[in-house]
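In my numbering, the protein residues as written are 1418 to 2059.
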């Protein structure tokens, strides 16, 4: 076998394969993936009908060996088709494992596995010492590769039961539920049980899953598309979808034949049309019902919808232009917390209420006073049965009704609040009725937002991801400064570097950041190597951060950059975009990495600028020197951490 690099490429290179979609008349649908060593769905494992984990591991290995979006989609589509064909109950755990998640976003499940637990489990199963594992990590830079090499020399006298996708997923859920005294030991035991049964590539991707870093180019968008295409191509089944959405998979051969004979490819156009319709359906379903568990079902109560977001406008004149003379209603932009309220009246007339944050996290127990308010609302409307309302919860002065700041609201306890203990009173300002008595609302782009500071400089703030840093100089020598920030590219499933930032941070924030991303051998969030899938362009930071948080950043304007590859091709065919004079505003605790600003959003802001003739002007790259330290120390440092 050839020596493996730390890039996540497949260890053994087979002859180059054509990563196309499989036609249905082939002898086996899984011809693309199957091999004697990787098993076959329905022929291996404790459940002879369950999909073996080796099947997923092989698919993940194929995904890691390519950055071609077409190849990624075809690999995923073929894998999902095989799973649906041979054992459809394995589809849900397989989708979660392929997407590197465990649950819907509104009900997050965290593994809570630290690197030390994983390291100890690998040591115990492989028999290698801690020092030997450290040497392997130094040479490979990836914990999955370390586990693969450590386990490769282990031989067992008694064969262990083969892993299935369902078995791995259920064990991960067990790990997430371990709590209290002895939890670390219980988690380590469950990890060891998985490692003992894992073989070959299973070890590599099992450990990467445990580390929450699969290092493949498959993201949620790719899974949506692949799932839609697989459903279109699999034989019709009443339990999955209507036959009007599907096509005969044998038509895929005609697509290739027409292409070779250079005929007008009407079949290809028909296939594309079916794919597009199915992909749109899956996207709409997920937007209204973001749960892989129920993605084929209609919208159900108590499942949060992705909130509608306002489109930023820079000035009142731009608002007038966009609305084109139509009447409109303007409302104050409240400084509170987004709250999506789901309420329904039960058969016995009791009212069921659930409240979700902007990030789709359940915060019902945080607001017992809102629950009481909703109950009063139902009592005044006997004909009302159910609704879903998007709103802003704002702290108020109960004596005069005046509005308070978000800081006041943050003083409330986060969960299990009793109404008698509520110290910060709130008001609910509704602005979007998303669902009423069984009828869903339709989303439009007719909602504009105009912040006070939009009228000058950049039209909107950016939500960027910290992905790396340099060692500070002078007063900041003990801290990370500047910080490399990136946008989130959903197409590639990775962060893309856009600019350096060293303005707007307080000393306290610098200290907390440096502690949070402390570099050491066991760190799971900071590395000297580009461990996580990020596109750095021309930036070469001293350390690399795991993409895990989002910061709100403002800047003077956006410029075409020879260093950044963010939005490459959207504004300039050979250069990306960067942010000039970026300044940190706050951490966006309500946003996940996949909700960060995108390259398209960056390009849209660039197009809206009054002056786009800023090509190459300082490129947003701020040199770290003493003069910058002095200038920044004179700024107000204490209001930047909220």
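Backbone N, C-alpha and C fix where the C-beta goes; we use that ideal spot for every residue, glycine too.
Predicted, not measured: the structure shown is a model, and the values here were computed from it.
Taking C-beta atoms as the reference points, residue 1645 and residue 1609 fail to come closer than 9 Å. Counting of Cβ neighbours within 10 angstroms places residue 1745 among the exposed residues, the total staying below 16. Separation of residue 1686 and residue 1693 (C-alpha to C-alpha, rounded to the nearest whole angstrom) is 10 Å. Bounds of the alpha helix (DSSP H) holding residue 1735 are 1733-1740. For residue 1687, the three-state secondary structure derived from DSSP is helix. The secondary-structure analysis by DSSP pairs residue 1769 across a beta bridge with 1761.
In this model, residue 1812 and residue 1779 are separated by some 19 Å (Cα to Cα). With a cutoff of 9 Å on beta-carbon distance, residue 1810 and residue 1788 are scored as not near each other. Exposed is the label assigned to residue 1597, since fewer than 16 other Cβ atoms lie within 10 Å of its Cβ.
In its chain, beyond the 5 residues on either side, 1884, 1885, 1901, 1902, 1903, 1951, 1952, 1953, 1954, 1956, 1981, 1982 and 1983 have a beta carbon closer than 8 Å to the beta carbon of residue 1914. Residue 1492 has no beta-bridge partner at all, per DSSP. Taking 9 Å as the cut-off, the beta carbon of residue 1899 is found closer than this to the beta carbon of residue 1918. DSSP places residue 1584 inside the alpha helix (DSSP H), whose first and last residues are 1582-1594. Leaving aside the five residues that flank residue 1627 on each side, the residues in its chain whose CB is nearer than 6 Å to its CB run, in chain order, 1530 and 1535. The continuous alpha helix (DSSP H) containing residue 1541 extends over residues 1532-1543. The beta carbon of residue 1593 lies closer than 7 Å to those of 1519, 1526, 1527, 1528 and 1529 in the same chain, with the five residues before and after it left out. Around the Cβ of residue 1977, a 10 Å sphere holds 16 or more other Cβ atoms; the residue is buried. In this structure, DSSP gives residue 1877 a state outside helix and strand, which the three-state scheme calls coil.
Residue burial is scored here from C-beta neighbours: residue 1844 has at least 16 other C-beta atoms within 10 angstroms and is therefore classed as buried. Residue 1785 and residue 1514 have their C-alpha atoms some 36 Å from each other. The DSSP-derived three-state label of residue 1917 is strand.
In this structure, the alpha-carbon of residue 1966 lies about 14 Å from that of residue 1931. Rounded to the nearest whole angstrom, the CA to CA distance from residue 1941 to residue 1769 is 41 Å.
Burial is judged here by how many other beta carbons sit within 10 angstroms of a residue's own beta carbon; residue 1649 has at least 16 and is buried.
Ranked by how close their Cα comes to the Cα of residue 1964, the residues 2009, 1938 and 2002 have 2009 in first place. In the three-state reduction of the DSSP assignment, residue 1624 falls in the helix class, which pools H, G and I.
DSSP, read as helix, strand or coil, puts residue 1506 in helix.
Here residue 1619 is near residue 1471, since their CB atoms are less than 9 Å apart.
Rounded to whole angstroms, the separation of the alpha carbons of residue 1767 and residue 1782 is 17 Å. In this structure the segment 1555-1567 does not lie against the segment 1635-1644, because fewer than three pairs of beta carbons, one per stretch, are closer than 8 Å. About 15 Å separates the beta carbons of residue 1847 and residue 1803, which is beyond the 8 Å limit, so they are not a contact pair.
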